[in-house]
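S.K.:
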Amino acid sequence: FGADFLGTWLSPVRYSRGYGEFRQGRPGARGTLVHVDPRFSTTAASADEWLAVKPGSEGLLALSIAHVLVNENLANPAAVQALTAGAGPAAFNPFRPELVSEATGVEANRIREVARAFGRTRPAVAVAGGVAGAHTNGTFNLLAAYTLNYLVGSVGLGRPVRLVARPPYGDVPYAPNPATVSQWQALISRLDTGRPRPVQLLVLFDADPVYHLNYLGFEKVVGKAGYIVSFATLLDDTAAYADLVLPAHTYLEDWGDEVTDPAPSYPVVGFQQPVVNPFYESRSFFDVLLGLGRAVGGGLQAELPWPNLREAIREGARQLHRSGRGSVQAVDFEAFWNGVLQRGGWWDTAAAVETVPTPPTLPSEPPVARFQGDAREYPLVLIPFEPIGVASGGVLAGLPWLQAVPEPVTTLVWQTWAEIGPETARRLGLAEGDVVAVESPVGRIEVPVYVNLGMPPGIVAVPLGRGQRHYGRYAQGRGANVLGILAPLTDEESGALAYAATRVRLVRTGRRGRVVKFEGAVPPFGFEHERPVQVTRG
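The working numbering puts the first residue of the sequence shown at 164, with every later residue one more than the last.
1. Are Ala638 and Arg202 closer than 7 Å when you measure CB to CB?
2. Give the straight-line distance between the Cα atoms of Gly701 and Glu682, rounded to the nearest whole angstrom.
3. Under 7 Å, do Pro260 and Arg283 count as touching if we go by C-beta distance?
4. Is it right to say Trp580 is buried, meaning 16 or more other beta carbons lie within 10 angstroms of its own, or is it exposed?
5. Just checking, does the segment 520 to 533 make contact with the segment 440 to 458 on the three C-beta pairs under 8 Å criterion?
6. When every heavy atom of the ligand GTP is checked, does at least one fall within less than 6 Å of the C-beta of Val438?
7. Let's see if you can read the secondary structure: which residues bound the alpha helix (DSSP H) around Leu616?
8. Could you name the residues of the same chain whose beta carbon sits closer than 6 Å to that of Val392, not counting the 5 residues immediately before and after it, in chain order?
9. Nearest CA to the CA of Glu570: which residue from Phe164, His298, Gly170?
10. Got a sec, what are the start and stop residues for the alpha helix (DSSP H) Glu466 sits in?
11. Give the straight-line distance between the Cα atoms of Leu591 and Asn615, rounded to the nearest whole angstrom.
12. Return the chain-ordered ranges of every beta strand (DSSP E) run that is complete within the segment 290 to 368 and spans a minimum of 3 residues.
13. For Trp500, report the span of its alpha helix (DSSP H) as first-last.
14. Over the uninterrupted beta strand (DSSP E) stretch that includes Val392, give me the two end residues.
15. For Glu602, I'd like the list of residues in its chain whose CB is within less than 7 Å of its CB, leaving aside the five on either flank, ordered along the chain.
16. Quick check on DSSP: helix, strand or coil for Arg677?
17. My assumption, with CB atoms under 8 Å, is that Ile228 sits in contact with Leu305. Please give the rounded CB distance.
18. Can you give me the Cβ contacts of His412 inside the same chain, cut-off strictly under 7 Å, excluding the 5 residues immediately before and after it?
19. So the candidates are Asp654, Lys217, Ala480, Trp213; which of them puts its Cα closest to the Cα of Gly333?
20. Quick check on Gln535: does DSSP put it in helix, strand or coil?
21. On the three-state DSSP scale, how would you describe Phe168?
22. So, are the CB atoms of Val233 and Ala278 less than 7 Å apart?
23. Need the endpoints of the alpha helix (DSSP H) that Pro571 sits in, please.
24. Taking the alpha helix (DSSP H) that Val243 belongs to, which residues open and close that run?
25. By the DSSP assignment, the alpha helix (DSSP H) with Ala405 in it spans what residues?
26. For my contact list, Val385 and Leu354 are in at a C-beta cut-off of 8 Å; report their separation, rounded to the angstrom.
27. Look at the Cβ atom of Pro651, then the Cβ atom of Val344, and state whether they are nearer than 7 Å.
28. Specify the secondary structure class of Ile608 as computed by DSSP and reduced to three states.
29. Tell me the rounded alpha-carbon separation between Ala388 and Val605.
30. Taking 7 Å as the CB-CB limit, is Arg273 close to chain C?
31. For Ala548, list the residues DSSP reports as bridge partners.
32. With 16 other CB atoms within 10 Å as the buried threshold, where does Leu378 fall?
33. Check the C-beta distance from Pro520 over to Leu326 and give it rounded, since I have them as a contact under 8 Å.
34. Could you spell out where the beta strand (DSSP E) holding Glu212 opens and where it closes?
35. Are the CB atoms of Ile608 and Ile546 within a distance shorter than 7 Å?
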């Protein structure tokens with residue numbers, strides 16, 4: 164459900180390897196993949212079946228699948244009772260395939276076929292993420308999809324969905340949930356009004372809110388901060404406003420660690436060490452932070468006692484060593500330290516959590532996805548997506564070899580485009596290369612059109628990660644920032660940005676532009692001036 168795990172979702176390199184095992188790693192058994200996504204993504208192109216669901220209706224489709232499982236005795240009765248707070252099978256009656264087919268865009272018979280295959284296959288697992296959670300009802304969509312795992316007994320120790328033990332690695336908590344849109348709006352309001360007190364110092368590291376919070380108008384207020392310090396590896400759009408720019412190490416020059424979450428069914432701690440010496444006089448942001456702690460002294464120094472980041476990481480590694488378990492074991496710590504650096508991390512495949520996660524209770528009335536913009540004035544739903552290469556936040560857009568990585572389905576590179584289906588193109592009289600204005604209720608961008616034969620009607624997909632005004636010569640002024648036309652709607656439960664909840668329209672500009680791509684760029688016949696070159700015998 165929405166999770167483009169063969170494209171850019173979480174860890175596609177590991178998932179691609181796992182997908183190969185899923186397909187061909189078991190003699191006589193070949194896994195089946197059904198992908199639910201309004202956009203024809205890399206994962207959709209690789210699936211046995213693609214369900215082009217209407218945006219925001221993924222949870223409704225999941226509950227319809229659940230209805231078939233329950234109605235045809237393919238579900239665990241205890242799980243049914245737990246998920247419905249004792250209401251039982253009747254709670255799923257409003258979600259019969261015939262009743263939700265129009266709302267989801269998926270035929271009733273296809274829903275039944277997928278549900279029966281899911282209920283009769285062991286093991287079966289439902290995975291949800293990405294665009295399925297990018298709506299005002301995103302949390303519900305993800306919750307509904309994951310409840311399918313409870314119904315078919317796929318949750319618990321030794322099963323596809325399980326809790327992962329935490330590693331014995333210091334007192335560092337798991338990363339908290341990202342800041343909500345309302346929290347960012349509160350910061351912007353404080354910068355703008357100076358209440359409850361003015362922002363005297365704004366320190367930025369690995370953050371470009373002028374670019375990423377374009378839809379909230381961060382750029383209009385950033386200049387009201389008293390003093391801005393940016394630790395950056397490239398001059399990004401926010402660093403351009405800074406009073407002081409301090410060059411920070413890149414990841415190739417710095418130490419680092421990460422407690423992997425989600426983990427591959429067992430606890431993992433990744434260790435990052437410098438692989439090159441700094442080319443210039445950059446410094447580690449964390450070393451600077453620790454140095455400031457020593458300079459301030461008192462309680463802050465007590466909280467940050469390490470001389471540098473390397474020693475802080477080594478202290479955490481000592482706890483792993485004292486545990487006496489995991490992928491690296493050694494008599495003395497230095498041997499253990501060398502072992503984890505050689506392997507790039509520490510993991511414990513024997514660690515297990517026997518507790519089964521408590522089944523959630525499904526809402527009696529599922530929330531309906533809301534969209535900004537009248538459907539008559541803005542007939543298309545905008546689906547921003549993370550492209551291969553530059554990543555969703557554009558953090559890699561300054562690297563030319565990643566700008567040149569082709570998107571697998573379209574093979575497009577180096578630019579932003581509006582991806583529409585043939586039906587939408589015919590209705591609007593558009594062809595590949597036509598430059599259009601993508602207009603939403605809050606803004607507009609101009610990009611060329613790419614007609615994707617797999618795109619359903621009513622959808623326009625635009626890649627994230629480009630459109631920076633700075634960020635080096637390879638990113639500056641290239642493409643458009645789709646974040647600037649998003650409405651600031653949020654998920655009703657988490658407060659996260661509902662980035663697929665904006666309606667748009669396409670307006671012809673009368674111009675044409677080149678669509679830079681690999682596919683179809685070379686004619687299938689030779690030119691008169693070309694001479695064939697023999698490269699093989701025969």
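Where is the CB? At the ideal position from N, CA and C, for every residue including glycine. This one's a predicted model, so the numbers in the text were calculated from it and none came from an experiment.
M.R.: The structure says:
1. Taking 7 Å as the Cβ cut-off, Ala638 and Arg202 do not qualify as a contacting pair.
2. Below a pLDDT of 50, predicted positions are generally treated as unreliable, and Gly701, at 44, falls in that range; the measurement from the model is reported next regardless. Gly701 and Glu682 have their C-alpha atoms spaced approximately 28 Å apart.
3. For Pro260 and Arg283, no; Cβs fall outside 7 Å.
4. Classification for Trp580: buried.
5. Taking 8 Å as the limit for Cβ pairs, the verdict is that the segment 440 to 458 does not touch the segment 520 to 533.
6. Only the bare structure without any ligand can be found here, which leaves the ligand GTP out of the picture.
7. For Leu616, there is no enclosing alpha helix (DSSP H), since its DSSP letter is neither H nor E.
8. Contacts found: Val366, Leu407.
9. Ranking Phe164, His298, Gly170 by Cα distance to Glu570 puts Gly170 first.
10. It spans 461 to 466 - the alpha helix (DSSP H) in which Glu466 sits, taken as one unbroken run.
11. Roughly 15 Å between the two C-alpha positions.
12. Listed in chain order, they are 364 to 368.
13. Residues 496 to 506.
14. DSSP places Val392 in the uninterrupted beta strand (DSSP E) bounded by 390 to 395.
15. Its chain contains Val667, Arg668, Val670 as the residues whose beta carbon lies nearer than 7 Å to that of Glu602, once the 5 sequence neighbours on both sides are disregarded; these appear in chain order.
16. Here DSSP, grouped into helix, strand and coil, assigns Arg677 to coil.
17. About 15 Å; that fails the 8 Å criterion.
18. Within the same chain, His412 has close Cβ partners Pro441, Ser445, Arg446, Ser447.
19. Measuring from the Cα of Gly333, the nearest candidate turns out to be Ala480.
20. For Gln535, the three-state secondary structure derived from DSSP is strand.
21. Residue state for Phe168 is assigned as coil, using DSSP reduced to three classes.
22. Contact flag unset, no.
23. Per DSSP, Pro571 belongs to no alpha helix (DSSP H) and is neither H nor E.
24. Segment 240 to 246, the alpha helix (DSSP H) holding Val243.
25. Counting along the chain, Ala405 falls outside any alpha helix (DSSP H), and DSSP gives it neither H nor E.
26. In this structure Val385 is in contact with Leu354, their Cβ atoms being roughly 7 Å apart against a cut-off of 8 Å.
27. For the pair Pro651 and Val344, the CB atoms are nearer than the 7 Å cut-off.
28. Collapsing the DSSP output to three states places Ile608 in a strand.
29. Roughly 25 Å between the two C-alpha positions.
30. Considering every chain present, this structure includes no chain C. It has just one protein chain.
31. Going by the sequence as given, residue 548 is Phe instead of Ala. The partner list for Phe548 (beta bridge, DSSP) reads Pro626.
32. The sequence as given places Tyr at residue 378; Leu does not occur at that position. Tyr378 is buried by the Cβ-count criterion.
33. Taking 8 Å as the upper bound for CB-CB distance, Pro520 and Leu326 are in contact here, some 6 Å apart.
34. Bounds of the beta strand (DSSP E) holding Glu212 are 212 to 214.
35. The answer is no: Cβ separation not under 7 Å.
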